[in-house]
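Visitor: Take a look at the following structure, please.
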Amino acid sequence: MSNHNRIITWIVISLLIALLMTIAPFPRWVALLQPSWLFVIVLFWVMKMPEYCGVIIAWFVGLLTDCVTGTLFGLHALTFSLTAYFVLKWPIRIIRSPLWQQMSIVLLFASSNLFFQRFILSISGETISSRIAWFSVITTVLIWPIISVILKHAEKQPIVYHS
Amino acid sequence: MMLDKRVDGFHRVSEKTAAFFAYPFQFVIDTPIQWVRWINTRVTTQHHLIVENSELRAYEVLLESQLQRLLLLEKENAQLRRLLQSSAQVPSPVRVARLLSVSLDPNLLQIVLDQGTKEHVFVGQPVFDAHGVVGEVIGTGLMTSRVLLITDTRSAIPVKDSRNGFRAVAVGLGSKGQLMLINFPNTADIQEGDVFITSGFGLNFPVGYPVGQVTSIATEPGQQNRKIILTPFAHLDQDEQVLLAWPNKDKLYQAVQDQLKQQIQQPSTIPMGQSR
Chain B
0 MSNHNRIITW IVISLLIALL MTIAPFPRWV ALLQPSWLFV IVLFWVMKMP EYCGVIIAWF
60 VGLLTDCVTG TLFGLHALTF SLTAYFVLKW PIRIIRSPLW QQMSIVLLFA SSNLFFQRFI
120 LSISGETISS RIAWFSVITT VLIWPIISVI LKHAEKQPIV YHS
Chain C
0 MMLDKRVDGF HRVSEKTAAF FAYPFQFVID TPIQWVRWIN TRVTTQHHLI VENSELRAYE
60 VLLESQLQRL LLLEKENAQL RRLLQSSAQV PSPVRVARLL SVSLDPNLLQ IVLDQGTKEH
120 VFVGQPVFDA HGVVGEVIGT GLMTSRVLLI TDTRSAIPVK DSRNGFRAVA VGLGSKGQLM
180 LINFPNTADI QEGDVFITSG FGLNFPVGYP VGQVTSIATE PGQQNRKIIL TPFAHLDQDE
240 QVLLAWPNKD KLYQAVQDQL KQQIQQPSTI PMGQSR
C-alpha cells in the first residue's frame, strides 16, 4: 500500500502549500489577481484521482479555505463541492486530452467557481471586490500547466534504481 | 452559510473554530516574515543607528513638551466640565497589538491581529493607529482577532466636524480607500480640508479621535445631498502595529442608573406614551 500512502502524501502536501500561498501577504492588487491555488489543486486531484478526492474532500477543503480567508462560513465549501460534483458527473477524459483542451475546461470551471462565489456574496450582502478580480480566472488557468507537470509524478510507480 | 449570517450564536462559534483552525497556517506564514524583520533590525550599520537615535531623541523632547500642554488642557477641560455639571472624560486604557502578516480574502478589507480573547479582546472594540481610527474588532479567536477597516463598505462610524461640530456618519467606500459621509443636513457648513473626528455617538468609539479629512465635495445635479468624500488619516495599508482601546463606560452606566432611579421615584412626571 505504499503507493496509496504516497498519493495521499502528495495530495496533503500540495493542499498545504496551496493553503499557505493563499494567505501569504501579497500587495492588494496582486492578491486580487492571484490564482485560486486551492481551487486548482482540488480540481486537479478530483480530475486525476476521483477515488481519492471527491465531493466530500472538496467540501472540507473549501471549509478550510473559509476558515483561513475569513469569508462567509461555507462559501468556498459550497462552490468547491459543486465544482467537484460537476467534474465527476461529466465523463470527460480530461487528463488524457491535449493541454489546450485541459486549460479551456479549467477556464470554464474556474470562471463558474468565481461566478458562484460572487453571486452568493452579493445576495448575502457581503462586500465584493472590484471587477478586476475576474482576471484571477486567467491566472488560474495559466498556472494549470505548471501544476499538472509538478503533480504528474504522483501517479508514477516508484522507480527502483539499480546500482 | 445562512446560519452563519442570520444566527449570531452560530457565527460566534464558527468564528472561534475558524480562528482555531486557521491559526497554525497563519503562524507558519507570519513567523518567517517576523524573522526577516528581526534580522533587518539587528543588521544595520552603526552610523544609521546613531542618526536614528538622535532623531528619536529630538522627537521625544518635542512630544514631551506637547504632552505637558495636553495634560494642562485636560485639567482645564475637566474643570470647565465640572462647572457645566457634566462628567469629565476618563482616558481609556490602550494596548499595542501587532498585525499578522497574512492576507485574508482581498474582497474583505480586514486585518488580523495577534491578540485574541486570551488578552480580553472583545467584539466591537475600537482599533486605532498613530494617525487615526483604523476600525473595529468583528471577530475574536483565542489567539487572534479580526478587525474590519473603516474603508470597508460594511463599516460606519459616527463622526463630527472638528471645526463646527456638525455630526454625520462616515461609511466606507470599499477598495478605493475612502469614506463617504451620510446622514448630514444639506445646509451643513462642510468645506474641503475639514477634519472629522469621532463623535462618541453609538457609544462604541471614544470621542475625539481623528477619522479623516474632506478631500472632495461633489454636488450632483439630480441629488439633493452633496457627496462628501473623506480620506482616512490612518495608514491602513502600511500599518504594522495598532492600538486596541478599552473605552471606559463607567460614567455612562452611572448616569443611566441615576436617570432610572429618578424616573422610578417620580413616575407621575413622565407623560404617557413617551419612549425612553
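So the sequences go chain by chain: B and C. Taken in order, the first sequence gives residues 0 to 162; the numbers are from numbering that gives the first Met the number 0. Taken in order, the second sequence gives residues 0 to 275; the numbers are from numbering that gives the first Met the number 0. C-beta: ideal position from N, C-alpha, C; glycine also.
1. Would you kindly report the start and end of the unbroken beta strand (DSSP E) that includes arginine 166 of chain C?
2. Go ahead and pull the three-state DSSP assignment for proline 144 of chain B.
3. Are tryptophan 58 of chain B and alanine 76 of chain B closer than 7 Å when you measure CB to CB?
4. Give the DSSP-derived three-state secondary structure of glycine 61 of chain B in the structure shown.
5. Rank C/His10, C/Met0, C/Leu98, C/Ala169 by C-alpha distance to the C-alpha of glycine 211 of chain C and give the top, closest one.
6. Spatial neighbours of alanine 155 of chain C within its chain, please: CB distance less than 6 Å, with the 5 preceding and 5 following residues excluded, ordered by chain position.
7. Give me whichever residues DSSP pairs with glycine 211 of chain C in a beta bridge.
8. Taking leucine 32 of chain B as the reference, give the member of C/His46, C/Gln190, C/Asp104 with the closest Cα.
9. Which residues of chain B have a Cβ atom closer than 8 Å to the Cβ of valine 132 of chain C, listed in chain order?
10. State yes or no: is the beta carbon of aspartate 128 of chain C nearer than 7 Å to at least one beta carbon in chain B?
11. Where does threonine 43 of chain C fall in DSSP's three states?
12. Here's the rule I'm using: 16 or more other beta-carbon atoms within 10 Å means buried, otherwise exposed. How should leucine 141 of chain B be labelled?
13. Does alanine 109 of chain B have its Cβ less than 7 Å from a Cβ in chain C?
14. Write down the C-beta distance between glycine 173 of chain C and leucine 235 of chain C rounded to the nearest angstrom, noting that I regard them as a contact closer than 8 Å.
15. Would you mind telling me which residues of chain C sit closer than 7 Å to phenylalanine 72 of chain B, beta carbon to beta carbon, in chain order?
16. Give the single residue among C/Thr143, C/Asp3, C/Pro205, C/Glu219 whose Cα lies nearest to the Cα of phenylalanine 72 of chain B.
17. Around the Cβ of threonine 214 of chain C, are there at least 16 other Cβ atoms within 10 angstroms (buried) or fewer (exposed)?
18. Output the boundary residues of the alpha helix (DSSP H) element that contains glutamine 100 of chain B.
19. For aspartate 257 of chain C, which three-state DSSP category applies?
20. With distances taken between CB atoms, is the gap from serine 144 of chain C to valine 120 of chain C smaller than 7 Å?
21. Quick one: what's isoleucine 110 of chain C bridged to in DSSP?
22. If you measure between the beta carbons of threonine 138 of chain B and proline 34 of chain B, is that distance less than 7 Å?
23. Rounded to the nearest angstrom, how far is the Cβ of valine 241 of chain C from that of leucine 98 of chain C, given a contact under 8 Å?
24. So what's serine 274 of chain C in DSSP terms, helix, strand or just coil?
25. Check each candidate in C/Gln114, C/Gly134, C/Lys117, C/His130 and name the one with the smallest Cα separation from glycine 123 of chain C.
26. Select from C/Asn39, C/Asn163, C/Arg94 the residue whose C-alpha is nearest the C-alpha of tryptophan 245 of chain C.
27. Just tell me which of C/Leu48, C/Ser64, C/Ile110, C/Ala77 has its CA closest to the CA of aspartate 29 of chain C.
28. Rounded to whole angstroms, what is the Cα-Cα separation between tryptophan 44 of chain B and cysteine 52 of chain B?
29. Starting from the C-beta of lysine 117 of chain C, find all residues in its chain whose C-beta is less than 8 Å away, skip the five residues before and the five after it, and write them out in chain order.
30. Taking only the alpha-carbon atoms, compute the straight-line gap between valine 35 of chain C and phenylalanine 26 of chain C and give it to the nearest angstrom.
31. Starting from the C-beta of serine 91 of chain C, find all residues in its chain whose C-beta is less than 6 Å away, skip the five residues before and the five after it, and write them out in chain order.
32. Would you verify that the beta carbon of glycine 61 of chain B is, or is not, closer than 7 Å to some beta carbon of chain C?
33. Kindly indicate the opening and closing residues of the beta strand (DSSP E) around alanine 96 of chain C.
34. Can you list, in chain order, the residues of its chain whose CB lies under 8 Å from that of valine 105 of chain B, leaving out five sequence neighbours each side?
35. Taking the alpha-carbon positions, what's the serine 110 of chain B to methionine 46 of chain B distance?
36. Is there contact between the stretch 214-230 of chain C and the stretch 175-192 of chain C, where contact requires at least three CB pairs shorter than 8 Å?
Guide: The short version:
1. The count along the second sequence starts at 1 and reaches residue 166 of chain C at position 167. That run of the beta strand (DSSP E) goes 166-171.
2. Here the question's residue 144 of chain B lines up with position 145 in the first sequence. Three-state DSSP puts proline 144 of chain B in a helix.
3. Translated into positions along the first sequence, residue 58 of chain B becomes position 59. Translated into positions along the first sequence, residue 76 of chain B becomes position 77. For tryptophan 58 of chain B and alanine 76 of chain B, yes; Cβs fall inside 7 Å.
4. By one-based count along the first sequence, residue 61 of chain B stands at place 62. Glycine 61 of chain B falls in the helix class under three-state DSSP.
5. In the second sequence, residue 211 of chain C corresponds to position 212, counting from 1. Of the candidates C/His10, C/Met0, C/Leu98, C/Ala169, the one whose C-alpha sits nearest the C-alpha of glycine 211 of chain C is C/Ala169.
6. Position 156 of the second sequence, counting from 1, holds the residue named residue 155 of chain C. For alanine 155 of chain C, where only same-chain residues beyond five positions count, the Cβ hits under 6 Å are Val168, Val170.
7. Taking the second sequence and counting its residues from 1, one reaches residue 211 of chain C at position 212. Paired residue(s): C/Phe195, C/Pro231.
8. In the first sequence, the residue the question calls residue 32 of chain B occupies position 33. Per the Cα distances, C/Asp104.
9. Stepping through the second sequence from its first residue, residue 132 of chain C is reached at position 133. Contacts between valine 132 of chain C and chain B, judged by CB atoms closer than 8 Å, are missing: the closest CB pair is about 19 Å apart.
10. For the purposes of this step, residue 128 of chain C is taken as the residue at position 129 of the second sequence. No, aspartate 128 of chain C lies away from the interface with chain B (no Cβ there is under 7 Å from its Cβ).
11. Along the second sequence, read from residue 1 onward, the residue named residue 43 of chain C stands at position 44. In this structure, threonine 43 of chain C counts as coil in the three-state DSSP scheme.
12. Counting from one through the first sequence, the residue named residue 141 of chain B turns up at place 142. Flag for leucine 141 of chain B reads exposed.
13. Along the first sequence, read from residue 1 onward, the residue named residue 109 of chain B stands at position 110. False, the Cβ-Cβ gap to chain C never drops below 7 Å.
14. Counting from one through the second sequence, the residue named residue 173 of chain C turns up at place 174. Counting from one through the second sequence, the residue named residue 235 of chain C turns up at place 236. Contact between glycine 173 of chain C and leucine 235 of chain C does not hold, since the beta-carbon distance rounds to 12 Å and is not under 8 Å.
15. Counting from 1 along the first sequence, the entry for residue 72 of chain B is found at position 73. Simply Met0, Asp3, Ser13, Ala17.
16. Position 73 of the first sequence, counted from the first residue, corresponds to residue 72 of chain B. If we check each option's Cα against that of phenylalanine 72 of chain B, C/Asp3 comes out closest.
17. Position 215 of the second sequence holds residue 214 of chain C. Exposed.
18. Sequence index remark: in the first sequence, residue 100 of chain B carries index 101 (1-based). Here the alpha helix (DSSP H) through glutamine 100 of chain B covers 98-122.
19. Here the question's residue 257 of chain C lines up with position 258 in the second sequence. DSSP, read as helix, strand or coil, puts aspartate 257 of chain C in helix.
20. Mapped onto the second sequence, residue 144 of chain C falls at position 145. Mapped onto the second sequence, residue 120 of chain C falls at position 121. Contact: yes.
21. In the second sequence, counting from the first residue as 1, residue 110 of chain C sits at position 111. Isoleucine 110 of chain C is bridged to C/Val146.
22. Position 139 of the first sequence, counting from 1, holds the residue named residue 138 of chain B. Position 35 of the first sequence, counting from 1, holds the residue named residue 34 of chain B. For threonine 138 of chain B and proline 34 of chain B, yes; Cβs fall inside 7 Å.
23. As a working note, residue 241 of chain C is residue 242 in the second sequence. As a working note, residue 98 of chain C is residue 99 in the second sequence. Yes, they are in contact, since the Cβ atoms of valine 241 of chain C and leucine 98 of chain C sit about 7 Å apart, within 8 Å.
24. As a first step, residue 274 of chain C must be located in the second sequence, where it is residue number 275. For serine 274 of chain C, the pLDDT reaches just 44, beneath the cut-off of 50, and the residue's location in the model is therefore unreliable, although a value from the coordinates is still provided. In the three-state reduction of the DSSP assignment, serine 274 of chain C falls in the coil class, being assigned neither a helical nor a strand state.
25. Reading the second sequence from its first residue, position 124 is the one you call residue 123 of chain C. The residue from C/Gln114, C/Gly134, C/Lys117, C/His130 with its alpha-carbon nearest to that of glycine 123 of chain C is C/Gly134.
26. In the second sequence, residue 245 of chain C corresponds to position 246, counting from 1. The shortest C-alpha separation from tryptophan 245 of chain C is found at C/Arg94.
27. Here residue 29 of chain C corresponds to residue number 30 of the second sequence, with the count starting at 1. A check of alpha carbon separations from aspartate 29 of chain C across C/Leu48, C/Ser64, C/Ile110, C/Ala77 identifies C/Ile110 as the nearest.
28. The residue you call residue 44 of chain B lines up with position 45 of the first sequence. The residue you call residue 52 of chain B lines up with position 53 of the first sequence. Roughly 6 Å separates the two Cα atoms.
29. Along the second sequence, read from residue 1 onward, the residue named residue 117 of chain C stands at position 118. Counting only Cβ-Cβ distances below 8 Å, and skipping sequence neighbours, we find Leu141, Met142.
30. Within the second sequence, residue 35 of chain C is the residue found at index 36, counting from 1. Within the second sequence, residue 26 of chain C is the residue found at index 27, counting from 1. Using only the alpha carbons, I get a separation of about 14 Å.
31. Taking the second sequence and counting its residues from 1, the one referred to as residue 91 of chain C is at position 92. Contacts found: Pro205, Ala244, Trp245, Pro246, Asn247.
32. Position 62 of the first sequence, counted from the first residue, corresponds to residue 61 of chain B. Glycine 61 of chain B does not count as touching chain C.
33. Counted from its first residue, the second sequence places residue 96 of chain C at position 97. From DSSP, the beta strand (DSSP E) with alanine 96 of chain C extends over 93-97.
34. Within the first sequence, residue 105 of chain B is the residue found at index 106, counting from 1. Listed in chain order, the non-local C-beta contacts of valine 105 of chain B below 8 Å within the same chain comprise Val39, Leu42, Thr139, Val140, Trp143, local neighbours out to five positions each way being set aside.
35. Here residue 110 of chain B is taken as the residue at index 111 of the first sequence, counted from 1. Here residue 46 of chain B is taken as the residue at index 47 of the first sequence, counted from 1. C-alpha separation (whole angstroms): 17 Å.
36. Touching, per the Cβ criterion.
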